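Protein sequence lines, in the order shown, are assigned to chains W and U.
Each residue of the first sequence is one higher than the one before, counting from 1297 in my numbering.
Each residue of the second sequence is one higher than the one before, counting from -9 in my numbering.
The beta carbon of each residue, even a glycine, is placed where N, CA and C say it ideally should be.
Source: prediction; values computed, not measured.
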Amino acid sequence: MSSETPGAGLGSDDDDMERGPLGRWVDSAIKNPDRVYRAMFYVAMLFFLVTTLFPFYWLLVLALTPNNLIANMGLVPKGFNPEVFVAMFERVPFHLYMFNSFVLGITTTVLVLLIASLAGYVFGRLRFPGKGVLMLGILAISYFPPAAFLIPLFELFTGNTAISIGMVTISTPDLFNTPAPMVFPFSALFLPLSIFILTTFYGQIPDGLEDAARVEGTTRLGALFRVIVPLSAPGVATAGVLTFISVYNEFFFSFLMNNGEADSWAPIVAGILKYQGQFDTPYNLMAAASIVGVLPVAILVIIAQERIVSGLTAGALKE
Amino acid sequence: MATEQQSGETFSDTQRSGPYASAVNWMESLSETQFAYLLLTPALVLLGVIAVYPLVSTFSMSLFADQLTGSARLGEFVGLQNYVDLFTGARNYALPSQFLPTFSSEFPFVTNIYASALAVTLIFTVFSVLFETLIGFGQALILDQDFRGRRWVRVAIIIPWAVPIVIQGMIWYLMFQPNIGFLVGTSQNPALLNQLGLIGTTPLRNTADALFLIIVADVWKTSAFMALLILAGMQSIDRSLYDVAKVAGASRWQQFKLITFPLILPTVLVAMLFRTIDAMRVYGIIQTMAGCQTVPSLSCLVVTTFNTPLYGTSATVAFVTAGIIAVVVSVYIVNFASEGL
């Protein structure tokens, strides 16, 4: 790449002796622009690494500093207090909130993968009237703000919605403070992304494989779950990872659809916010809880990096 | 893997009897269209109950007056009066007074709560999407290069995207809470950002400062998303175009300007539209960093009025918010449909 630079070597090299190292570098940079590009590249990379990672380092600084010393902090912790990672669980049962988040995330992921598998099979492999309209409709629905669904869903899940069937009017059950008021909205919110990822993957399986299974006597659903889904394992994994991370990160329904107590299935949103006390503000515990709360998704990103990248780009740029 | 499992089980399917077998037979006898709609039923029911029904219900609630007392949440039918009141500013009386005063001191031209929430939302959307695109572009250019440790740089850039919103809010709250760190100083001992005039000494309690920091926090978290989409666009460009350009003597800047940029522009526009739609829903980061009283966005207004509880007003704001986003979505769909689905 560097060899074709026009003009390199035309200038005289004799002046090098009279200049300092910087002058020589500038001189060679003018002759050879690739060195400038490389320097710019490293500066930019360093800039992005520092800006993305500094906030995490700041959490560590605050977590390790005892709370009474947190004031006018510089770049290093004042003291070393690893016990904070024990103290944070004593003040708020953060492990229970994390457990709730995991249960909500896994339940939603299973539900979404099941429903999206059926829908992805339909959109990816079948031809029928109304297909384009339905896909656009599902896409459009997913872009409405959660705020537009809030009041009716709250009324629905707190048992204040009456359903009339003929002469009989029944009230919906009060499901508030169970996982249901969160799992169903999460599922609806993140279903479209999984549908589009799975549509892409299922659509790529050759027809011959499905036909062969059908000739052998497999049912239609059997062909989907025994042939198409296993062959699309990377796609299913991608949709699953993205759904889990989305649920773990969700704020709106996580915050509003429970009373904020760990035994009412409140997820980490409520756990993190609970550290703000009435009489004190334990900054070190807040920082420690944030670190612990980020760990599961950070690990997931490191393990499933390729899946996340392909899923985000496939889901968003459906072409 | 699949074929081994399947060979043992294929026959059992057809040999079972009873309701299962009749269900299978019934399913096998359906036409392709019928089968398609059968499989779509769970998805359509879920979206119908959780999205379509609430949307319709929100609209019908917005036609009723607020009712603060009694067991019923809604008062009498008032037609479009809620919308009229909202746009003319006549609805201020019913709301927590913080919305207007905090905001009007910073932006005196904003005269009613709805307009102030709309202004906050639009300022947030425009600036966050703009800077996310620019920074995402820079990150994508870095990740497009071949270098050692690229995988780990990519992890470092993606991780903020995976941070839960509540923790994102907590991180930035802890960075800009006065007296904690070096980023915010006091009036006697101002920090660098104070001296530059970017933020005051209590930035999270001041609407303009808090909005600025919320935009920065959002850019920190979401640039990676833009970067990944732009990177995917870059990597789908035919590399031979660059070989031709080099033979023709094009500089790197010319290669970027004449090949990379025009070819990824459609991708960037689609990604920006996605982010715009997402940014207009902003709520969680505001709630955790500064609170809805300081920085009232449209979603904040919905939740605050819902908690009061002013169901009629809340439903009206919610439906208007949905309407604004629907306009943006329809731009996308028209664009999408014209490209040929």
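Whole alpha helix (DSSP H) elements within the region 217 to 290 of chain U, 4-residue minimum = 230 to 237, 242 to 245, 251 to 269, 274 to 279
Can you list, in chain order, the residues of the region 1324 to 1344 of chain W whose Cβ is nearer than 8 Å to any Cβ on chain U?
-> P1329, Y1333, F1337, A1340, M1341, F1344
Counting contacts by CB-CB distance shorter than 8 Å, is M1463/W in contact with chain U?
-> The residue given as residue 1463/W occupies position 167 in the first sequence. Closer than 8 Å: no.
L64/U (DSSP reduced to helix, strand or coil) = Stepping through the second sequence from its first residue, residue 64/U is reached at position 74. Strand, per DSSP.
Which runs of the beta strand (DSSP E), 3 residues or longer, sit entirely within the region 1458 to 1524 of chain W?
-> Those beta strand (DSSP E) runs which fall completely within the region 1458 to 1524 of chain W and span 3+ residues are 1458 to 1461, 1464 to 1467.
Does the region 1438 to 1450 of chain W touch the region 297 to 315 of chain U, meaning 3 or more C-beta pairs lie closer than 8 Å?
-> yes
In whole angstroms, what is the alpha-carbon distance linking E1451/W and T1457/W?
-> Numbered from its first residue, the first sequence carries residue 1451/W at position 155. Numbered from its first residue, the first sequence carries residue 1457/W at position 161. Each residue's Cα considered, the two are about 6 Å apart.
Quick one: using the 10 Å Cβ neighbour count with 16 as the cut-off for buried, is N179/U buried or exposed?
-> As a first step, residue 179/U must be located in the second sequence, where it is residue number 189. With fewer than 16 other Cβ atoms within 10 Å, it is exposed.
Is the beta carbon of Q167/U sitting closer than 8 Å to the one on A207/U?
-> Locating residue 167/U in the second sequence gives position 177, where the first residue counts as 1. Locating residue 207/U in the second sequence gives position 217, where the first residue counts as 1. Cβ atoms of Q167/U and A207/U: not closer than 8 Å.
Assigned exposure category for Y163/U - 16 Cβ within 10 Å defines buried | For the purposes of this step, residue 163/U is identified with residue 173 of the second sequence, where counting begins at 1. Per the 10 Å Cβ criterion, buried.
Near R81/U, which residues of its chain fall below 8 Å by C-beta distance, leaving aside the five closest residues on each side in sequence?
-> By one-based count along the second sequence, residue 81/U stands at place 91. Hits under 8 Å: N72, D75, N102, I103, Y104, T303.
Sequence-distant residues of its chain with Cβ nearer than 7 Å to L1355/W (five each side left out) = Along the first sequence, one-based indexing puts residue 1355/W at 59. Excluding sequence positions up to five before and after L1355/W, its CB lies within less than 7 Å of the CB of A1583, S1586, I1587, all in the same chain and listed in chain order.
Run the CB neighbour count on S87/U, radius 10 Å, all protein chains shown included, and call it buried at 16 or more, exposed below.
-> Indexing the second sequence from 1 puts residue 87/U at position 97. Confidence in S87/U is poor, its pLDDT being 45 and thus under 50, which makes the residue's placement too unreliable to answer from.
Select from the region 1369 to 1383 of chain W all residues with a C-beta closer than 7 Å to any C-beta belonging to chain U, and list them in chain order.
-> M1369, G1370
Min CB distance P9/U to chain W below 8 Å | Numbered from 1 along the second sequence, position 19 holds the residue referred to as residue 9/U. It does not: the Cβ of P9/U has no partner Cβ on chain W nearer than 8 Å.
Residue range of the beta strand (DSSP E) that A1415/W falls in?
-> The residue labelled residue 1415/W in the question sits at position 119 within the first sequence. For A1415/W, no beta strand (DSSP E) encloses it; the enclosing alpha helix (DSSP H) starts and ends at 1390 to 1421.
Report the rounded CA-to-CA distance for F1480/W versus V14/U, giving the unit in angstroms.
-> Against the first sequence, residue 1480/W aligns to sequence position 184. Against the second sequence, residue 14/U aligns to sequence position 24. When only Cα atoms are considered, F1480/W and V14/U end up about 28 Å apart.
Can you have a look at W1561/W and say buried or exposed, based on whether 16 or more other CB atoms are within 10 angstroms of its CB?
-> Residue mapping note: residue 1561/W aligns to position 265 of the first sequence, counting from 1. W1561/W comes out buried.
I think I1459/W touches M51/U, with their Cβ atoms under 8 Å apart; what is that distance to the nearest whole Å?
-> Along the first sequence, one-based indexing puts residue 1459/W at 163. Along the second sequence, one-based indexing puts residue 51/U at 61. The Cβ separation is near 17 Å, so there is no contact.
Taking the beta strand (DSSP E) that D56/U falls in, what are its first and last residues?
-> Taking the first residue of the second sequence as position 1, residue 56/U is located at position 66. Its beta strand (DSSP E) spans residues 54 to 56.
Residues in the region 123 to 134 of chain U with C-beta within 9 Å of chain W's C-beta atoms, listed in sequence order?
-> I125, G128, Q129, L131, I132
Comparing the C-beta of L183/U with each C-beta of chain W, is any distance below 8 Å?
-> By one-based count along the second sequence, residue 183/U stands at place 193. No, because no Cβ of chain W sits closer than 8 Å to the Cβ of L183/U.
T1609/W and A222/U look like a contact to me (Cβ under 8 Å); what is the Cβ gap, rounded to whole Å?
-> Taking the first residue of the first sequence as 1, we reach residue 1609/W at position 313. Taking the first residue of the second sequence as 1, we reach residue 222/U at position 232. About 4 Å separates the two Cβ atoms, so the contact holds.
Would you report the Cα separation of P1469/W and A1476/W, rounded to the nearest angstrom?
-> Position 173 of the first sequence, counting from 1, holds the residue named residue 1469/W. Position 180 of the first sequence, counting from 1, holds the residue named residue 1476/W. Roughly 11 Å between the two C-alpha positions.
Determine the DSSP secondary structure at N325/U, reduced to helix, strand or coil.
-> Your numbering for residue 325/U matches position 335 in the second sequence. Reduced to three states, the DSSP call for N325/U is helix.
Output yes or no for whether 8 Å exceeds the beta carbon distance between I204/U and A280/U.
-> Walking along the second sequence from the start, residue 204/U turns up at place 214. Walking along the second sequence from the start, residue 280/U turns up at place 290. It is a contact, given that the beta carbons lie within the stated cut-off.
Since G171/U sits in a beta bridge, which residues does DSSP pair it with?
-> By one-based count along the second sequence, residue 171/U stands at place 181. The partner list for G171/U (beta bridge, DSSP) reads M1369/W.
Presumed contact (8 Å Cβ cut-off) between P252/U and V110/U, rounded CB distance = Locating residue 252/U in the second sequence gives position 262, counting from the first residue. Locating residue 110/U in the second sequence gives position 120, counting from the first residue. Separation of the CB atoms of P252/U and V110/U is rounded to 35 Å, and the pair is thereby denied contact status at 8 Å.
Determine, using beta carbons only, whether V1532/W comes closer than 8 Å to chain U.
-> By 1-based counting over the first sequence, the position of residue 1532/W is 236. Chain U contact via Cβ: absent.
Inter-residue spacing [alpha-carbon to alpha-carbon] between A1367/W and V1380/W = Along the first sequence, one-based indexing puts residue 1367/W at 71. Along the first sequence, one-based indexing puts residue 1380/W at 84. When rounded, the distance between both Cα atoms is 17 Å.
Contact under 8 Å by Cβ, S1542/W with F1486/W | For this step, residue 1542/W is matched to residue 246 along the first sequence. For this step, residue 1486/W is matched to residue 190 along the first sequence. Contact: yes.
Indicate whether the contact test is met: 3 or more Cβ pairs, each with one atom in the region 1429 to 1438 of chain W and one in the region 1511 to 1527 of chain W, closer than 8 Å.
-> no
Three-state secondary structure (DSSP) at T176/U?
-> For this step, residue 176/U is matched to residue 186 along the second sequence. Note: T176/U maps to coil in three-state DSSP.
Bridge partners of T294/U, per DSSP?
-> To locate residue 294/U, count along the second sequence from 1; it is residue 304. In DSSP, T294/U forms no bridge with anything.
Under the rule that 16 or more other beta-carbon atoms within 10 Å means buried, what is Q129/U, buried or exposed?
-> Here residue 129/U refers to the residue found at position 139 when the second sequence is read from its first residue. Burial call: buried.
Can you give the beta carbon distance from L45/U to F1445/W, rounded, assuming they're within the 8 Å contact cut?
-> Sequence index remark: in the second sequence, residue 45/U carries index 55 (1-based). Sequence index remark: in the first sequence, residue 1445/W carries index 149 (1-based). About 7 Å; that satisfies the 8 Å criterion.
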